[in-house]
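**Q** Attaching a single structure in structure tokens format; questions to follow.
In my numbering, the protein residues as written are 1 to 194.
Structural data, given as structure tokens:
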């Protein structure tokens, strides 16, 4: 288990999670152990292993953010203690996140603005780095195991280049198109509840 504190992780977080665009490929894992063996063989740098993440998605009572293809999430991670304010959309590649120091206060402020927590998602997540890319190994109750391969950037012109590079990396890790998941965890969770 990685016992780094949020301040110790700041350089890694800044290097890998900085930008306003994200290219992210998500894959359903049919064999978590085989995927882990392939990833492990590449000697990835470990950021966090087996952190429990609690995501609280906020929206207005009229679901105005969802109707505009935007999402607003407060994420709390344990035992790392990392807390994030995450906004995605309206474009599919648009994603910005910022570290916060008080998730309870942030949630209270959103409540003051008229937003409410409309969905909560819990997952077990490990985060690894392979060069400029970050990979997550996720496990969600009722949804299963997933791998996400991603990179963040401010350079919108690089999005197709990075997508091509991530597809090649996915193939190296034994992931194929039949395992690709186009829905977000939020969408998958909402589908389950429907």
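Built from N, CA and C at the ideal position, the CB exists for glycine as well.
DSSP on residue 1, reduced to helix/strand/coil?
**A** Any reading at residue 1 must be qualified, since the residue scores a pLDDT of 39, below 50, and its modelled position is unreliable; the value itself is stated next. Of the three classes helix, strand and coil, the one that applies to residue 1 here is coil, per DSSP.
**Q** Applying the criterion that 16 or more other CB atoms from any shown protein chain within 10 Å of the CB defines a buried residue, is residue 77 buried or exposed?
**A** Buried: at least 16 other Cβ atoms inside 10 Å.
**Q** For residue 111, which three-state DSSP category applies?
**A** Reduced to three states, the DSSP call for residue 111 is helix.
**Q** Leaving out five residues on either side along the sequence, give the residues of the same chain with a beta carbon under 7 Å from the beta carbon of residue 174.
**A** Taken in chain order, the residues that qualify are 34, 35 and 38.
**Q** Can you give the Cα-Cα distance for residue 28 and residue 125, rounded to whole angstroms?
**A** The alpha-carbon atoms of residue 28 and residue 125 are separated by roughly 14 Å.
**Q** Please confirm if residue 144 has its CB atom under 8 Å from at least one CB of chain C.
**A** Of the protein chains in the structure, only one exists, and it is not chain C.
**Q** Residue 56 and residue 95 - do their beta-carbons sit closer together than 8 Å?
**A** Cβ distance not < 8 Å, so residue 95 and residue 56 don't count as in contact.
**Q** If you reduce the DSSP assignment to three classes, tell me which class residue 126 lands in.
**A** Three-state result, residue 126: strand.
**Q** What do you get for residue 180, buried or exposed, if any count of 16 or more other CB atoms within 10 angstroms of its CB means buried?
**A** Residue 180 is exposed by the Cβ-count criterion.
**Q** Could you give the distance in angstroms between the alpha-carbon of residue 182 and the alpha-carbon of residue 47?
**A** Going from the Cα of residue 182 to the Cα of residue 47 covers about 25 Å.
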